[in-house]
Amino acid sequence: MPDTSHPTTEAPETVHRTVRLRLYPGEAATGLLLTAIAGACRYVWNHLLADQERRYRLWQVYRIGPKPVPTFFTLGLRFTALRHDPDHAWLKDYPYKVVRYSLKYLADAYARYKADSENEGKPRFKARHRTVPAFTIPEAVRMDGDRLYVPKVGWLRLAGSDPYVGCRPLTVRVRMEGTEQHPKWYAYVCYEVPAEQAKQPAPDGALGLDRNVGQATDSEGTVYAMPDTDKLDAQIARKQRELSRKQGWGPKDRRPKSNRGRRVNGQLQKLHRQRARKRDDATHQASRKLADTAHTVVVEDLNTQAMTKSAKGTVEAPGRQVKQKAGLNRSILESGWGSWERKLAYKAGALRKVNPAYTSQRCSRCGHVDKSNRLSQAVFACGACGFRANADHNAAINILARAGLPSRARFGPRDRG
Numbered sequence: 001m002p003d004t005s006h007p008t009t010e011a012p013e014t015v016h017r018t019v020r021l022r023l024y025p026g027e028a029a030t031g032l033l034l035t036a037i038a039g040a041c042r043y044v045w046n047h048l049l050a051d052q053e054r055r056y057r058l059w060q061v062y063r064i065g066p067k068p069v070p071t072f073f074t075l076g077l078r079f080t081a082l083r084h085d086p087d088h089a090w091l092k093d094y095p096y097k098v099v100r101y102s103l104k105y106l107a108d109a110y111a112r113y114k115a116d117s118e119n120e121g122k123p124r125f126k127a128r129h130r131t132v133p134a135f136t137i138p139e140a141v142r143m144d145g146d147r148l149y150v151p152k153v154g155w156l157r158l159a160g161s162d163p164y165v166g167c168r169p170l171t172v173r174v175r176m177e178g179t180e181q182h183p184k185w186y187a188y189v190c191y192e193v194p195a196e197q198a199k200q201p202a203p204d205g206a207l208g209l210d211r212n213v214g215q216a217t218d219s220e221g222t223v224y225a226m227p228d229t230d231k232l233d234a235q236i237a238r239k240q241r242e243l244s245r246k247q248g249w250g251p252k253d254r255r256p257k258s259n260r261g262r263r264v265n266g267q268l269q270k271l272h273r274q275r276a277r278k279r280d281d282a283t284h285q286a287s288r289k290l291a292d293t294a295h296t297v298v299v300e301d302l303n304t305q306a307m308t309k310s311a312k313g314t315v316e317a318p319g320r321q322v323k324q325k326a327g328l329n330r331s332i333l334e335s336g337w338g339s340w341e342r343k344l345a346y347k348a349g350a351l352r353k354v355n356p357a358y359t360s361q362r363c364s365r366c367g368h369v370d371k372s373n374r375l376s377q378a379v380f381a382c383g384a385c386g387f388r389a390n391a392d393h394n395a396a397i398n399i400l401a402r403a404g405l406p407s408r409a410r411f412g413p414r415d416r417g
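Listed below in structure tokens is the structure:
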């Protein structure tokens with residue numbers, strides 16, 4: 001019998017955990033200073049992105065010298081030169097390491113773009129009104145109880161539940177939510193936590209997890225449904241229509257953006273955040289329950305990017321059922337498959353991925369594979385042995401078996417041959 005216990009590799013002495021805390025700037029001027037730091041990060045991103053594109057175009061034409069590679073190190077050198085430029089002396093008013101660290105995200109974006117086989121995801125310029133003000137304190141984080149020190153700003157008050165007080169803070173991501181008129185600042189503090197202090201997964205056991213549109217099912221038959229957001233979706237659609245009628249906010253309206261439109265846009269973004277938080281909370285609770293139930297969680301190695309590719313096609317070869325495919329893509333993305341993986345990766349003792357081929361068509365009892373075994377989206381009925389079960393439950397058992405781990409499933413009276 002395969003071993004269902006956790007791997008024998010040595011457990012790390014420390015783990016990283018992130019806590020979201022409310023940050024109170026106090027005076028309005030302090031909040032404006034935080035916004036200005038985020039603006040400096042955005043400016044440096046845009047400036048060095050344009051500089052990189054210019055360097056690359058020149059290299060393509062003349063082929064003189066090595067190819068300009070935008071690593072964090074090379075971008076940091078260019079930022080230092082930019083900071084000493086008399087025309088950009090104002091950058092010295094902002095914390096050096098904080099602003100420079102924005103180039104780490106730019107370098108990572110270029111690395112992902114280079115690694116993409118289809119050359120998608122090229123770094124883009126950040127517009128002021130389409131970019132959430134945010135910046136990162138990358139090192140030497142100073143915290144004193146419920147206070148955080150922001151370089152060039154000072155000590156700011158924190159509020160919220162922090163289970164890791166006294167642990168070593170590594171980095172802090174400061175981010176603004178809300179609107180320009182009514183901003184709300186948050187600090188995402190990443191701690192280095194002793195392993196024994198962090199919440200531990202179950203010591204043994206294994207579960208397979210089949211992720212579907214709108215829900216996930218494990219190999220013991222437990223269903224984890226995503227929250228119903230129909231009411232929020234309707235409110236978002238209504239606000240989007242209202243926003244499109246405001247001056248400067250329509251898709252082809254080039255007039256200056258109106259203040260009423262900014263107010264409606266703030267209300268729209270608030271609804272988007274509410275919907276995102278509901279889904280994030282659901283995956284947090286479900287992943288915690290899975291980690292508390294079994295040490296190892298097995299999922300399918302899904303290529304979500306390929307599965308959600310547009311069906312529009314080209315002028316020469318137009319796609320079919322484009323509207324239906326767009327709706328399916330939206331449902332897949334709203335189901336948060338990637339969010340499941342990210343949370344289980346650090347909550348569970350081990351996260352394993354297996355080939356997803358035929359897991360929904362294979363009988364978990366006799367191994368017979370046939371697409372006709374799926375009578376419907378919800379019902380699985382084996383044509384060979386007559387076994388019947390919930391289709392997602394059957395797939396989750398197959399996912400677990402593909403990793404070489406036994407199932408502890410107990411089928412109900414309807415799940416029989």
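Everything in the sequence shown is counted per the numbering used here, starting at 1 for the first residue and increasing by one. Ideal Cβ positions, reconstructed from N, Cα and C, are used throughout, including at glycine.
Note to self: Using the three-state DSSP reduction, which class does His-47 fall into: helix, strand or coil?
What the structure shows: helix
Compute the beta-carbon to beta-carbon distance between Val-132 and Arg-175, rounded to the nearest angstrom, for a pair I have assumed lies under 8 angstroms. 6 angstroms
Fill in: Inter-stretch contact at 8 angstroms, needing at least 3 Cβ pairs: the stretch 99 to 111 / the stretch 36 to 43
yes
Practice item. Grab the span of the alpha helix (DSSP H) containing Lys-289 for me, first residue to last. Key: 259 to 293
Taking 6 angstroms as the limit between beta carbons, can you name the residues of its chain near Ser-5, skipping five residues before and five after? Residue confidence is low: Ser-5 scores 44 on pLDDT, short of 50, so the model does not pin down where it sits. No coordinate-derived value is stated.
| query | Under three-state DSSP, which class holds Asn-303? | reply | coil
Assumed close pair Trp-185, Leu-34 - CB separation to whole angstroms, cut-off 8 angstroms | 6 angstroms
Notebook entry, point to check: Between Glu-192 and the rest of its own chain, which residues show a CB-CB distance below 7 angstroms, the 5 nearest in sequence each way excluded?
Noted result: Thr-14, His-16, Cys-167, Arg-168 and Leu-170
Status (buried if at least 16 other CB within 10 Å, exposed otherwise) for Arg-352: buried
Our contact map puts Asp-210 next to Asp-370 with C-beta atoms below 8 angstroms; I'd like the distance itself, whole angstroms only.
With 8 angstroms as the limit, Asp-210 and Asp-370 do not qualify as a contact, their Cβ atoms being about 18 angstroms apart.
Can you find the residues in the same chain that come closer than 8 angstroms, C-beta to C-beta, to Ser-258, ignoring five residues on each side of it along the sequence? Lys-246, Gln-247, Gly-248 and Trp-249
Requested in this report: Could you work out which residue in Thr-304, Glu-120, Thr-74 and Phe-73 is closest to Ser-335 when comparing CA atoms only?
Outcome: Thr-304
* Does at least one heavy atom of the ligand ZN sit under 7 angstroms from the Cβ of Gly-383? -> With respect to the ligand ZN, the structure offers nothing, as it holds no ligand at all.
Of the residues Cys-190, Lys-270, Val-298 and Ser-244, which one's Cα is nearest the Cα of Leu-232? Lys-270
Notebook entry, point to check: Is it right to say Asp-85 is buried, meaning 16 or more other beta carbons lie within 10 angstroms of its own, or is it exposed?
Noted result: exposed
Item to complete: Check Lys-252 in the structure and name its three-state DSSP category.
Response: coil
Give me the Cα-Cα distance between Ala-378 and Lys-122, rounded to the nearest whole angstrom.
39 angstroms
Are the CB atoms of Val-264 and Ile-399 within a distance shorter than 8 angstroms?
no
Q. Under a three-way DSSP split, which group does His-88 fall into?
A. helix
### Message
Measuring only the C-alpha atoms, how far is Thr-293 from Ser-364?
### Response
21 angstroms
Q. Ordered along the chain, which non-local residues of its own chain (more than five positions away) have a Cβ less than 6 angstroms from that of Val-189?
A. Val-19, Pro-169 and Val-172
**Neighbourhood of Ala-225 by C-beta distance below 6 angstroms, restricted to the same chain and skipping five residues each side** = Gln-215
* Asked: For Cys-382, does the three-state DSSP call read helix, strand or coil?
  -> coil
Quiz item: Taking the Cβ atom as the reference point for each residue, do Pro-201 and Ala-291 lie within a distance shorter than 8 angstroms?
Solution: yes
Ile-64 to Gly-154 span [Cα, whole Å]: 47 angstroms
Q. Quick one: Cα of Gln-267 to Cα of Asp-280, how far?
A. 20 angstroms
**Q.** Short Cβ contact (8 angstroms threshold) for Gly-26 with Leu-207
**A.** no
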